[in-house]
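Quick note: the sequence shown uses the numbering used here, first residue 388, plus one each step.
Glycine included, every Cβ here is placed at the ideal spot set by N, Cα and C.
Here the structure is a predicted model, which is why all the values come from computation and not from measurement.
Some notes on the structure that comes next.
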Amino acid sequence: MLKASDKTEDKPLITLSYISENAVLLEWPEKICAEQHQHIMFCQQQAAAFLKEIMIDSIASYASLIIYYKFEKIQHDTLNTFLLELIQRPIHNNNQTRASDSSKHIVPVENSIIEIPVYYDEEAGWDIQTVAQQTQLSIDEVIQLHSQTTYRAYALGFTPGFCYLGKLPAQLQLPRKSSPRLSVPKGAVAIAEQQTAIYPNTSPGGWHIIGQTPLDMYHVNLDVTSDKNIENSKENTFDKENNNSQDSQFKSTIQVGQSVRFISITRTEFLSLGGEFIKETR
Numbered sequence: 388m389l390k391a392s393d394k395t396e397d398k399p400l401i402t403l404s405y406i407s408e409n410a411v412l413l414e415w416p417e418k419i420c421a422e423q424h425q426h427i428m429f430c431q432q433q434a435a436a437f438l439k440e441i442m443i444d445s446i447a448s449y450a451s452l453i454i455y456y457k458f459e460k461i462q463h464d465t466l467n468t469f470l471l472e473l474i475q476r477p478i479h480n481n482n483q484t485r486a487s488d489s490s491k492h493i494v495p496v497e498n499s500i501i502e503i504p505v506y507y508d509e510e511a512g513w514d515i516q517t518v519a520q521q522t523q524l525s526i527d528e529v530i531q532l533h534s535q536t537t538y539r540a541y542a543l544g545f546t547p548g549f550c551y552l553g554k555l556p557a558q559l560q561l562p563r564k565s566s567p568r569l570s571v572p573k574g575a576v577a578i579a580e581q582q583t584a585i586y587p588n589t590s591p592g593g594w595h596i597i598g599q600t601p602l603d604m605y606h607v608n609l610d611v612t613s614d615k616n617i618e619n620s621k622e623n624t625f626d627k628e629n630n631n632s633q634d635s636q637f638k639s640t641i642q643v644g645q646s647v648r649f650i651s652i653t654r655t656e657f658l659s660l661g662g663e664f665i666k667e668t669r
């Protein structure tokens, strides 16, 4: 494990370790921090440009970045030198980049805002009354706090399309449920600790459900039988700028690095948008 920088007020400790013959892990301090996450995303995009011929994939999270690469096509010392320099490089935009700099091909970190319609009523928000009681707020105040906050998408995980969003207002922060449910409905909007998220499929879960959304959290291209798709799948082409396979069949509605807002809607609006209302069975 290599220490990328001494821990100071301006430069947090960042470590670099090789976790397999073709994967390197960069780790930042364990915290939910938009500025730190922006640096992680910046490093991911810079690496995609510099390593464009050898990178297989990369995964960014709250406090880490994993890079998978073709180890036979780069010298260890070359990769090491680049990464150690990269994580100390200040974030800049394209118009500040020299023409000779390999980062000139970088696409800025995605900053679009995704709006998620949510039906917050008690029949959809299975735990919203309990959340209101535990936080000493009214249900309307819970809805207002949750829907008036802009969240950052920090990581994808748990199940396909499950995106961890932060940071939840302090007034709404509660520990996870002591007894997780065996079945949480698809589209459930939930909170736990400093985070909020949407369950993309029916699954077990221990977060507090405060509403439901009619939106799908991912899309899958089911046309996988065409000759073009078969041919492209063999090529396994890599998109250097977006860190995704160009012919990937899966696309998450929320991408890491985006901003998310929840919009309160009525039951009628929920159903008109194609929502399938799920009530809790006891």
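Candidates the options: closest to residue i by CA position
| i | options | result |
| --- | --- | --- |
| Val607 | Gln636, Ala584 and Ile596 | Gln636 |
| Ile478 | Gln431, Gln521 and Phe649 | Gln431 |
| Glu459 | Leu438, Lys418 and Phe657 | Leu438 |
| Ala575 | Ile474, Arg476, Phe429 and Glu667 | Glu667 |
| Asn467 | Gly661, Ile530 and Val411 | Val411 |
| Glu472 | Gln642, Leu403 and Phe649 | Leu403 |
| Gln594 | Thr583, Ile419 and Asn588 | Strictly speaking, residue 594 in this sequence is Trp, with Gln absent from that position. For the residues Thr583, Ile419 and Asn588, the minimum Cα distance to Trp594 belongs to Thr583. |
| Trp513 | Pro416, Ala540, Ser646 and Ile578 | Ile578 |
| Thr653 | Tyr506, Tyr538, Gln560 and Ser646 | Tyr506 |
| Glu417 | Asn409, Ile427 and Glu408 | Ile427 |
| Ile503 | Tyr538, Ile474, Gln520 and Pro547 | Tyr538 |
| Ser407 | Glu440, Tyr456, Ala540 and Ala450 | Tyr456 |
| Ile441 | Glu509, Asn409, Trp415 and His424 | Asn409 |
| Val643 | Trp415, Glu414, Gln425 and Leu413 | Gln425 |
| Leu452 | Ile474, Gln462, Ser525 and Gly661 | Ile474 |
| Asp527 | Asp508, Ile461 and Arg476 | Asp508 |
Pairwise C-alpha distance: residue j and residue i
| i | j | result |
| --- | --- | --- |
| Leu400 | Gln599 | 39 Å |
| Asp444 | Tyr586 | 25 Å |
| Ala436 | Gln558 | 41 Å |
| Gln433 | Pro567 | 40 Å |
| Gln581 | Ser565 | 16 Å |
| Ile500 | Thr522 | 28 Å |
| Glu656 | Asp603 | 16 Å |
| Ser639 | Phe549 | 8 Å |
| Gly592 | Arg648 | 22 Å |
| Ala447 | Glu422 | 14 Å |
| Tyr449 | Gln516 | 30 Å |
| Phe664 | Lys573 | 10 Å |
| Asn619 | Pro601 | For Asn619, the predicted structure reports a pLDDT of 45, less than 50, and the residue's modelled location is therefore unreliable. A value from the coordinates is still provided. For Asn619 and Pro601, the distance between alpha carbons rounds to 33 Å. |
| Gln645 | Tyr605 | 15 Å |
| Ser525 | Ala542 | 30 Å |
| Thr536 | Leu470 | 35 Å |
CB of residue i within 7 Å of CB of residue j, strictly
| i | j | result |
| --- | --- | --- |
| Val518 | Ile596 | no |
| Pro679 | Leu532 | For residue 679 there is no data in the structure shown, the boundaries of the chain being 388 and 669. |
| Gly544 | Ile419 | no |
| Ser328 | Thr546 | Because the chain is modelled from 388 through 669, residue 328 falls outside the range shown and cannot be assessed. |
| Ser659 | Ile530 | no |
| Ile454 | Ala540 | no |
Heavy atom of the ligand NAP within 6 Å of residue i beta-carbon
| i | result |
| --- | --- |
| His463 | Among the components of this structure there are no ligands whatsoever, and the ligand NAP is therefore not found. |
Residue range of the beta strand (DSSP E) that includes residue i
| i | result |
| --- | --- |
| Asp671 | Shown here, the chain extends from 388 to 669; a query on residue 671 therefore has no answer. |
| Ser362 | Since the first and last residues shown for the chain are 388 and 669, residue 362 lies out of range. |
| Glu414 | Ala410 to Glu414 |
| Phe657 | Phe657 -> not in any beta strand (DSSP E); alpha helix (DSSP H) instead, spanning Arg654 to Ser659. |
| Lys638 | Phe637 to Ser639 |
| Leu403 | Thr402 to Ser407 |
| Gly592 | Ser590 to Gly592 |
| Gly583 | It is worth fixing the name first, because residue 583 is Thr in this sequence and not Gly. Where Thr583 is concerned, the enclosing beta strand (DSSP E) stretches over Gln582 to Ile585. |
Unbroken alpha helix (DSSP H) run spanning residue i, endpoints
| i | result |
| --- | --- |
| Gln431 | Ala421 to Phe437 |
| Ser499 | Element bounds for Ser499: n/a, residue is neither H nor E. |
| Pro466 | First, the residue type needs correcting, since residue 466 is Leu and not Pro in the sequence shown. Its alpha helix (DSSP H) spans residues His463 to Leu473. |
Minimum Cβ-Cβ distance from residue i to chain D less than 7 Å
| i | result |
| --- | --- |
| Ile597 | Looking for chain D here will not work: only one protein chain is present. |
Entirely enclosed beta strand (DSSP E) segments - the segment 520-579, minimum 3 residues: Listed in chain order, the complete beta strand (DSSP E) runs (minimum 3 residues) inside the segment 520-579 are 538-543, 550-553, 568-571 and 575-579.
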